[in-house]
Structures are given as C-alpha cells and as structure tokens.
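Some notes on the structure that comes next.
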Amino acid sequence: MTTPIFDLPPRLAHKASANLVSADEQHLAAVAQSLRDQIVVESARLDARRRAPGGHGTAALERDQEIHRLSARLRFLSRFGSDLCLGRMVVAGSAQPVYLGRIGLTDAAGEPLLVDWRAPAAAPFFSATPTDPMGLASRRRYRWSQGRVTDYWDEVLDAEALSVDDVVLDDDSALFASLAASRSSQMRDVVSTIQADQDAIVRASSRGALVVDGGPGTGKTVVALHRAAYLLYADPHLSAGHGGVLFVGPHRPYLAYVADVLPSLGEEGVQTCTIRDLVPQGSTALQEPDPHVAGLKSDARTVRAVDAAVRFYEEPPTEPLMVETPWDDLQVTAADWAEAFDAVEPGTPHNEARAQVWEALLELLTDRYDDVPGDVLRRSLRSDEELQDVLAAAWPMLEATDVVGDLWSVPAYLRRCAPWLTSEQVRALQRHDPQAWTVADLPLLDAARARIGTAPGARTRRRDAAELATEREQRERVLDELLEADDDRVGLVTMLRHEELKAALLDDPDDDLTPGDPLAGPFAHVVVDEAQELTDAEWQMLLRRCPSRSLTIVGDRAQARRGFTETWSDRLARVGVDRVTLARLTVNYRTPREIMTEAEPVIRAALADANVPTSVRSTGVPVTYAPTSTLAEVVGTWLATHDDGVACVIATDDLSSRLAPSPRVRALTPVTAKGLEFDLVVLVEPEALGDGVQGAVDRYVAMTRATQRLVVLTDR
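Under numbering that gives the first Met the number 0, the first residue of the sequence shown is numbered 0, with each subsequent residue one higher.
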C-alpha cells in the first residue's frame, strides 16, 4: 500500500478532505515515481561513462565533464522525492492545475509533471496578485517535512474563475508560516514563498549592473541566491562554458549559512567565495591597524600603481651587446632590444611575456643574417649565456609578493610608482616587515598576480615558455637524429615518421595539467552581497574578474560601517561601473515590528535617509533589557523553553566562555553576524560598539538579526 503523501496534523483535518488533496496525492505520487525512474536511468549512464576508456586530450576532458554533470544531477535528484514540487497554480478556465518544481520533470511518456520554477510559464505563480491575477484563479504552496506534506496554503486570485470547493482559506499564509518557523544553522531556500517584489528582481535582465538596495530582513540574500540560480537557467550566456557565475559573500560564516541554497535549487556550479579567498594571502591577513594607511590602500589609484611597479622591470637595455657565434659576431643594439620589448602582446602577464620578448629578439637577429640557416643560428643564440643574462636582468621573473612588499619597504620605488602620494603618505605606508599582509593589501596583491602571472617556480611544470621551447627543440633534434640513423626503416623509428605520433611526442605533457585558479575568472556574471562594505580597491578585484560588467550588487547603504553618503550610481561610476539599474526592497519580512521600532532610531541618528524597511509582522514580544550578569540565565532559559531554533550572542568580544556549550548558540561580533539571522539575539553592551557611524551601524545590524526576540544586556 502506498504511503499517503499528505500527512496533516489533527488541527488541519479540515484540509484533508478528498476533494482538496486527492488530485495532489496522485500527481505527487507520479512525481516521486518519475524521479525514481530517472535516478535509475542516470545511474546507469554514469556507470557506463565511468567504465568507458579514459581517452586522451579533448575526449578525456569531455568524459570527465560528463561524469561531473551526471554525478551532480544524481546528487540533486537523490536528495528529493515528491518534495521536489513547490506548489501548484490553477489557470482560469482550466480544470488541470500546473505544478511547479525545483526543476522541470516529465513522466515516461514525456508529459510534463513539473514546470521548472525559473521557466517563463512559472512566473505567474510568484508575481500574480488579487489585483493582477495574471490569468490565475488560485495557487497553492506546500510545506514539506521528511517527504510529506504537513500543511498547505491556498490563495484565491480570481474568485469568479474558481469554485470555493477547490480551496481552503487560512487566516495565516505560507509566507507568514515560513517567517514564524524556527531558524537552523543553515538558510533554507524559500523559492516557494518568494514575493512578487523579490521575484521581479530575480528575473531581471543580466545586462549591466543591477543594484538591489534593501534594509534588514527584506530578503536581499534570498534574492541574490535565487537570482544566481535563475540566471544560470535562463541566460545561456552565463553558463559554465561562457564563464559561469561567481557569488561573493562577506565572510565565511555567511557562506556556510547559505551553502545549501544553490544546490537545493539545482545549481552546483556556482563558485562562492569572500574577498579574502581571491588571494592566497587572504586566509592569514590581519586587519590594517592604522585607519589612515587602510584608507590610502583602499584608493583605486594605489591598485593602479602596481602596473607602474611592474613596468619598472620591463625597460629595455640601452647598451649594445656583442654576441659571438661560430660564423660571425652579432651586435644587439638598443633599438633591437626596444623593438623586441615592444613585441609583447597587450594584456600578456609579465612572466609569460618574457618568452615573447625572447622569441621576438631571436627573430630579429636571425632575419638579419642570410648566410646561416635560421634554425641553426637560432639554436646557437639560445645557448648564449650572456644574451640570456642580459634579458633576465632587463625582464626578470617576478613574484607578486615581492613587488608589493617592495612598495612598502623602498620609499623611492613607491614614490616613482605612485607620484600623487605626499612624502608623509609614503612614510606612513612603509613598514618594518613588508610582507606582514593585511586585508588592505589584498587588492594590490591580486592586481600584482594578474599583472605578473604565475612565476615559473610556482608552476606545476616549473619552467617558463623559453625553457619549454628549448626542450621542444632538443626533442625535435633527437627525433631527427633517430630518423637519420634508421637504416632499415622499420620498427619504432618508422613509427616516428608519422606526423601524429611525432606531434604527440613533441607535445609537452604538462601543457594541460597545470591547475588553474577557479576564482581567477573571467566570470560571465558576479553576484556580490553586502556590497556596501567594499572599498574602491576591492571593487577592482571583482571587476577584473567580470569584464562584461554583468553584476548583481546587493547591499544596504545604512549597513556600511565606513559610511556611505553617495548614491549607488555615483559610487559605482567612480569604480568603473556605468550601466546601473537600481531596485529597492522596502518590506521587512524577517524582523518583527517590536524590534524595528527600537532599531530604527539607532540608524536614523547616523544616516537620516537610511532605507529602513517596514516590518509586515508582529510577535507581541517586546525588546527586553537586563544587566550583563544575566547573560547565562537569559540564554539558558531560552534553550530550556524552546526545543528548536538558534540563538546568537553578539558582542565586541568572544563571550563563548561565559556560555554553556550548545550547538544551538552562536557567539559572534556584529561583523561576523552580518547576513545571518537567529530566533533569539542577545546584544551585550551595545554602548561598547563605539560611537559615530560605525558604532551605530554595528548596533543596527546586531539588533536586526533577530526573527523572534531581542534581549539587550547593559549595565548603564
């Protein structure tokens, strides 16, 4: 006997009648069966691909990509059953509901069972309202728990087109039920309860930069994540083959919190990171202790100084050089050096460009002398150590850390590369340990890595292009000698005559094995959350990875710790983004009115025009105040009276030692709590967060993390 999919508690018996759920039961059972069938089919395909020969080159790459694709799809299909379905909508004049899912799904005959939530046909489910039903008579949203429907909510959108026997109406709604639910350690996707204002942003065009400005609780992060999933589905220009999508969050706890949302929406290919993750030194970098120095390094001009710092090592020799060969002495003039240096293709990283200089110089010299075969003369020139030494001195291989470190330890070098700096500013930027990296250094290190490229010593193949060319010549010479010595023209040496095999032997086995940086880009689209915190220098890190300037920028000017007095358009124009569309979210779905009433004056005092959202719900629980000595008692009482949910203690210092260990209690600062939400927030000594804009922002952010209750502990 098939287990019923609807498992409604006794208090919802009025929703369990057959005329309300029988059609859904049958359809959702078909969804579950189709899903099981597809898992069997995809598993067989994956097994077949894994058993197939590995192949070489492109064939091997395509096989690995197909295995990765099938594995990802199987992981997604295996995590769902009938709960793949999000809800249904009834089109006016139609007897058959249209069911929506996390992905599209058909039965064995090819008949649609689920419409992908991102498809145009699904848009009315999210956008329709009673004033604009968009052709719908009603919609139904499900609540799932362990593969069973434990509640559902109907909304009538066109009463004249619907029989009242087909729906059951609640005083509550799917949205408010979701908002009232306890939080967990990870964000849940809310695709089934996305509101019309949010959905319009999710489905907006990917052209240019879309700024999503919204206060706490307006669903900015929800919009950002669902927009990433939507764009990958709807815009083929953003697929992995065209660069894919990069999602940038404010800190690691945030990324852990949202880690399951995109996979639950069927997208595993989105790269996620923080600004720190873009540079290897980011994992250990400390905060810049001097705000003045941090401000100087946050200037985009300081990042551009890196280019001048590298160009310092790209100046051609001005003295002629006489090179001895078995046939004649060749003079390399200053003009020869200059022409070879100018031959570098624009945009070539410094370390890779030296090989182009070398090849251009050899071509100049061999073209000048017709009496000696070019390949013979070239081989002789390649072996000239003095010529190599002069080139190495004029165009040395560089390391990004050395170049940036020299800026902070050689004042004359910094003055040359950043002539706009005053003598006082140059002195301020110098430090005893030039490679004691701070967060403010990361944009410069990133710019240096992009400008310089990978140093040969750090490569897997551990040789630059010039050395690789020499090895190719040596292998070619060995092949020629083997062929010349082949008297009987049989065996292995005869095989060497075949051009395909010769090319394979000449091909460097490491050419395609050097691992790339998955965060280096370029990406077709970049989504950045908490964007109000980015400095001009950090924006350069992101724009370097997104040359198309196709961006989703999510933030709140009122939550900028350094202040944000400009408009978004002015700010972005300054960093190099000129095609900007602004979308505002003004409804607070998360924070109860009782808490926002206390939080709004805090931020208004520092930023009068803050986009403070309007809360749509009330819990009836006022903000409470108590002495700091009651911290353990407040948290302990809450844990004892709440079987689920997550609490957070927010303070300037780590107070975890004053709390009993519990997986349901976090201890964070306002910075590391950003982007997160908790059932209970205990804000300890808000006055210790400081004065001015930063202090006001930290208090505002901390207060608005709560979805149910806020307790403020202070001794003042």
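Heads up, the beta-carbon is just placed ideally off N, CA and C, and yes, glycines get one too.
- Query: Can you name the start and end residues of the beta strand (DSSP E) that residue 550 belongs to?
  - Reply: 550 to 554
- Message: Which same chain residues end up closer than 6 Å to residue 246 when comparing Cβ atoms and leaving out the 5 residues on each side of it in sequence?
- Response: 227, 269, 271, 526
- Task: Name, in chain order, the residues that DSSP records as bridge partners for residue 137.
- Result: 89, 155
- Which residues in the same chain as residue 114 place their Cβ atom closer than 8 Å to its Cβ, once the five residues preceding and following it in sequence are excluded? 97, 98, 99, 100, 103, 120, 121
- Message: On a Cα-Cα basis, can you pick out the residue from 380, 595, 445 that is closest to residue 620?
- Response: 595
- Own chain, CB closer than 6 Å to residue 88, minus 5 neighbours either side, in chain order: 97, 124, 135, 138
- Message: As a quick exercise: from 368, 373, 374, 386, pick the residue whose alpha carbon is nearest that of residue 356.
- Response: 386
- Query: What is the C-beta distance between residue 531 and residue 559, in whole angstroms, given that I count them as a contact (C-beta under 8 Å)?
  - Reply: 4 Å
- Task: Provide the residue span of the beta strand (DSSP E) that contains residue 584, from first to last.
- Result: 579 to 584
- Can at least three beta-carbon pairs, one atom from the segment 644 to 660 and one from the segment 671 to 680, be found at a separation below 8 Å? yes
- the segment 382 to 401 in contact with the segment 317 to 334 per 3-pair CB rule at 8 Å: yes
- Message: How far does the alpha helix (DSSP H) with residue 251 in it extend, from its first residue to its last?
- Response: 251 to 257
- Query: Terminal residues of the continuous beta strand (DSSP E) containing residue 312?
  - Reply: No beta strand (DSSP E) holds residue 312; DSSP gives it neither H nor E.
- Query: Considering residue 377, what are the terminal residues of the alpha helix (DSSP H) in which it resides?
  - Reply: 373 to 381
- Message: Using a Cβ distance threshold of 8 Å, determine whether the segment 333 to 346 contacts the segment 309 to 317, with at least three qualifying pairs required.
- Response: yes
- Return helix, strand or coil for residue 5, following the three-state DSSP convention. strand
- Message: Tell me which residue opens and which closes the beta strand (DSSP E) that residue 325 is part of.
- Response: Here residue 325 belongs to no beta strand (DSSP E), and DSSP marks it neither H nor E.
- Query: Can you find a CB in chain D that lies within less than 8 Å of the CB of residue 704?
  - Reply: Protein chains in the displayed structure number just one, and chain D is not present.
- Query: What is the residue span of the beta strand (DSSP E) that residue 261 lies within?
  - Reply: Unbroken run through residue 261 is the alpha helix (DSSP H), 260 to 263; no beta strand (DSSP E).
- Whole angstroms is fine: what's the gap from residue 529's alpha carbon to residue 701's? 15 Å
- Message: For residue 601 and residue 547, I'd like the C-alpha separation in whole angstroms.
- Response: 39 Å
- residue 424 to residue 295 span [Cα, whole Å]: 8 Å
- Message: Give me, in chain order, the residues of the same chain whose beta-carbon lies closer than 8 Å to that of residue 361; leave out the 5 immediate sequence neighbours on both sides.
- Response: 377, 380, 381
- Item | According to DSSP, residues forming a beta bridge with residue 666 | 648
- Keeping to the same chain, check which residues put their C-beta closer than 7 Å to that of residue 106; ignore five residues upstream and five downstream. 29, 33, 112
- Closest by CA to residue 450, which one among 335, 339, 305? 305
- Rounded C-beta distance between residue 209 and residue 585? I'm assuming under 8 Å. With a Cβ gap of about 17 Å, residue 209 and residue 585 do not count as contacting.
- Task: Would you mind reading off the limits of the alpha helix (DSSP H) that contains residue 124?
- Result: 122 to 126
- Message: Since residue 216 and residue 588 should fall inside the 8 Å C-beta cutoff, what is the C-beta to C-beta distance between them, to a whole number of angstroms?
- Response: 6 Å
- Are the beta-carbon atoms belonging to residue 359 and residue 391 less than 8 Å from one another? no
- Message: Once DSSP output is grouped into helix, strand and coil, what is the label at residue 272?
- Response: strand
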